[in-house]
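>
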Amino acid sequence: MTSTVSLLRERALAARRASRVLARLSTAEKNAALERIAALLEAEQAAVLEANARDLSAAKDAGLEDAFVERLTLTPERLRGIAHDTRSVAQLPDPVGEVFDSRTLPNGLWIGRRRVPLGVVACIYESRPNVTIDIAALALKSGNAAILRGGKEARHSNAALGELVQRALAETAVPADAVQVISDPDRAHVDELLEMNDLVDVIVPRGGAQLIDYVRRKATMPVIAHGDAVVQIYVDEFADLDLAETVVNNAKTRRYSICNAVDTLLVHRAIAEPFLRRMAARWGGKVTFIADERAYPVLQAAGAPVEHATEQTWRTEHLALRVGVRIVDTMEEAAEHIEQYGSHHSDAILTENYSRALEFLDVVDSAAVYVNASTQFTDGAQFGLGAEVGISTQKMHARGPMGLRELTSYKWTIIGRGQVRPL
Numbered sequence: 004m005t006s007t008v009s010l011l012r013e014r015a016l017a018a019r020r021a022s023r024v025l026a027r028l029s030t031a032e033k034n035a036a037l038e039r040i041a042a043l044l045e046a047e048q049a050a051v052l053e054a055n056a057r058d059l060s061a062a063k064d065a066g067l068e069d070a071f072v073e074r075l076t077l078t079p080e081r082l083r084g085i086a087h088d089t090r091s092v093a094q095l096p097d098p099v100g101e102v103f104d105s106r107t108l109p110n111g112l113w114i115g116r117r118r119v120p121l122g123v124v125a126c127i128y129e130s131r132p133n134v135t136i137d138i139a140a141l142a143l144k145s146g147n148a149a150i151l152r153g154g155k156e157a158r159h160s161n162a163a164l165g166e167l168v169q170r171a172l173a174e175t176a177v178p179a180d181a182v183q184v185i186s187d188p189d190r191a192h193v194d195e196l197l198e199m200n201d202l203v204d205v206i207v208p209r210g211g212a213q214l215i216d217y218v219r220r221k222a223t224m225p226v227i228a229h230g231d232a233v234v235q236i237y238v239d240e241f242a243d244l245d246l247a248e249t250v251v252n253n254a255k256t257r258r259y260s261i262c263n264a265v266d267t268l269l270v271h272r273a274i275a276e277p278f279l280r281r282m283a284a285r286w287g288g289k290v291t292f293i294a295d296e297r298a299y300p301v302l303q304a305a306g307a308p309v310e311h312a313t314e315q316t317w318r319t320e321h322l323a324l325r326v327g328v329r330i331v332d333t334m335e336e337a338a339e340h341i342e343q344y345g346s347h348h349s350d351a352i353l354t355e356n357y358s359r360a361l362e363f364l365d366v367v368d369s370a371a372v373y374v375n376a377s378t379q380f381t382d383g384a385q386f387g388l389g390a391e392v393g394i395s396t397q398k399m400h401a402r403g404p405m406g407l408r409e410l411t412s413y414k415w416t417i418i419g420r421g422q423v424r425p426l
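For the sequence shown, position 387 matches number 390 in the working numbering, and the numbering has no gaps at all.
Given below as structure tokens:
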């Protein structure tokens, strides 16, 4: 155990050294590295898919849920998508070196803030191997080294992707040590990583509530949490029912296993019966409704699969073809429900009433608040960030999808001509 843990520290030291080189590289040099990673993802799909097949076989043998297996799965199409997102990051403006809030003080000093990398960013995450490339790409473009520790279920996929990234970097000006993928599932790695505040500048946990709570309690460095995502859509009395049906269908069924899929529908009583009948017909038994006492008889009469809701229903991130339904009397009641049970991740209102929409935007305190659009857009690539390190539900430093700027800090730069401070 001692040698294994000490090896982890050696890799963190290597990442720290690489971060100092990486912070000084030009935008062109960093972009060339990203382009090379994308090219290898396309050229060497077979090796990555073979590794992923081993993980999928083990997951199915272990009886893991379908939603988990779906998140774990890589396909040629998904790998092409990851390569595309990597190139998108390369095309984004480089935040490093940007000077902002500059001004000249009355004493003649020029002062401004200059964006700098955080240094070494560590991420502990579960199941999704695409996260390995997403975070590596964003970290590299923003001048940061990355230490990536994925879940044991994706160990072979992550190892293959990590080896691919390091081979790609070895052909460029970016140090290969700038990305360290820890594929060994030993829990001791997590515990030691959380103690490395001398080498790691920030840590981002991505996964279930248990993982995030553990990291928050044990970490000795700042934590940016990608928390649970209990997502609500409020269908207002002034909603266009055709639009509402389309948006809700997309928000639930496009990909039900991702964090921005809707978990609870809050439906105004004035349109509850026609809207719920529409959704029951649209889904044709594919989605199970977990309904409050007012919605249950409506859905039962429509022939939909329906269960009785409990208090826990409203706190559940389903990650499955299941959705809670509650009928409300006012938008204020919907907003109170979101405040009490939501996770401050993504919430939406569907309405044709402009004033009602603006009021919802004001009162709902979430990282992403929508009007008449699917919550499944809460994604770094969809927001024009290229990819994301995570979706922060906190309020400090970063909120919502975390892209390049969220991986930088700043330093004050002051230029003078001999000014001294008076006694």
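C-beta atoms are modelled at their ideal positions from N, C-alpha and C, and glycine is treated no differently.
Taking the CB atoms as reference points, tell me whether residue 86 and residue 151 lie closer together than 9 Å.
Against the sequence shown, residue 86 aligns to sequence position 83. Against the sequence shown, residue 151 aligns to sequence position 148. Not a contact, by the Cβ cut-off of 9 Å.
> Taking the C-alpha atoms as reference points, what is the distance between residue 260 and residue 64?
As a position in the sequence shown, residue 260 is number 257, starting the count at 1. As a position in the sequence shown, residue 64 is number 61, starting the count at 1. Approximately 20 Å, taken between the alpha carbons.
> Beta strand (DSSP E) containing residue 113: first to last residue?
Locating residue 113 in the sequence shown gives position 110, counting from the first residue. Here the beta strand (DSSP E) through residue 113 covers 113-120.
> Would you kindly report the start and end of the unbroken beta strand (DSSP E) that includes residue 124?
Residue numbering aside, residue 124 sits at position 121 when the sequence shown is read from its first letter. Per DSSP, residue 124 belongs to the beta strand (DSSP E) from 123-128.
> Ignore the nearest five residues each way along the sequence and tell me which others in residue 110's own chain have a CB closer than 7 Å to its CB.
By one-based count along the sequence shown, residue 110 stands at place 107. 422.
> Here's the rule I'm using: 16 or more other beta-carbon atoms within 10 Å means buried, otherwise exposed. How should residue 1 be labelled?
Absent from the model: residue 1. The displayed extent of the chain is 4 to 426, so no value can be given.
> Buried or exposed for residue 144, going by 16 or more other Cβ atoms inside 10 Å?
Within the sequence shown, numbered from 1, the residue matching residue 144 stands at position 141. Answer is buried; the Cβ neighbour count reaches 16.
> Can you check the region 30-65 for any alpha helix (DSSP H) of at least 4 residues that lies completely inside it and give the ranges in chain order?
Counting whole runs of 4 or more residues, the region 30-65 contains the alpha helix (DSSP H) stretches 30-46 and 48-64.
> Helix, strand or coil for residue 5 per DSSP?
Along the sequence shown, read from residue 1 onward, the residue named residue 5 stands at position 2. Because the pLDDT of residue 5 is 47, which lies under 50, any placement of that residue in the model is unreliable, and the number read from its coordinates should be weighed accordingly. It is helical.
> Which of the three DSSP states, helix, strand or coil, is assigned to residue 398?
Here the question's residue 398 lines up with position 395 in the sequence shown. Residue 398 falls in the coil class under three-state DSSP.
> For the putative contact between residue 11 and residue 202, defined by C-beta atoms under 8 Å, what is the C-beta separation to the nearest angstrom?
Position 8 of the sequence shown, counted from the first residue, corresponds to residue 11. Position 199 of the sequence shown, counted from the first residue, corresponds to residue 202. Incorrect: roughly 10 Å between the Cβ atoms, too far for contact.
> Tell me which residues share the same chain as residue 413 and place their Cβ nearer than 7 Å to its Cβ, disregarding the 5 neighbours each side in the sequence.
The residue labelled residue 413 in the question sits at position 410 within the sequence shown. So the list reads 116, 117, 118 and 119, once near-sequence residues are dropped.
> Using 8 Å for Cβ pairs, my map puts residue 207 next to residue 392. What's the rounded Cβ distance?
Sequence index remark: in the sequence shown, residue 207 carries index 204 (1-based). Sequence index remark: in the sequence shown, residue 392 carries index 389 (1-based). Contact flag correct, Cβ pair sits at about 6 Å.
> So which of 394, 59 and 191 has the shortest CA-CA distance to residue 130?
Within the sequence shown, residue 130 is the residue found at index 127, counting from 1. Ranking 394, 59 and 191 by Cα distance to residue 130 puts 59 first.
> Have a look at 296, 329 and 89 and flag the residue whose alpha-carbon is nearest the alpha-carbon of residue 42.
Reading the sequence shown from its first residue, position 39 is the one you call residue 42. That would be 89, whose Cα lies nearest to the Cα of residue 42.
> Alpha carbon to alpha carbon, how far is residue 76 from residue 37? Give it in angstroms, no decimals.
Here residue 37 is taken as the residue at index 34 of the sequence shown, counted from 1. Here residue 76 is taken as the residue at index 73 of the sequence shown, counted from 1. So the alpha carbons of these two residues sit roughly 23 Å apart.
> If we ignore side chains and look at the alpha-carbon of each, how far apart do residue 267 and residue 126 end up?
Locating residue 267 in the sequence shown gives position 264, counting from the first residue. Locating residue 126 in the sequence shown gives position 123, counting from the first residue. Roughly 29 Å between the two C-alpha positions.
> Measure how close the beta-carbons of residue 364 and residue 121 come, nearest whole angstrom, since I'm counting them as under 8 Å.
What you label residue 364 is simply residue 361 of the sequence shown in a count that begins at 1. What you label residue 121 is simply residue 118 of the sequence shown in a count that begins at 1. Actually they are not in contact, since the Cβ atoms of residue 364 and residue 121 sit about 31 Å apart, beyond 8 Å.
> Can you tell me which of 338, 374 and 417 puts its alpha carbon nearest to the alpha carbon of residue 368?
Residue mapping note: residue 368 aligns to position 365 of the sequence shown, counting from 1. Closest by alpha carbon: 338.
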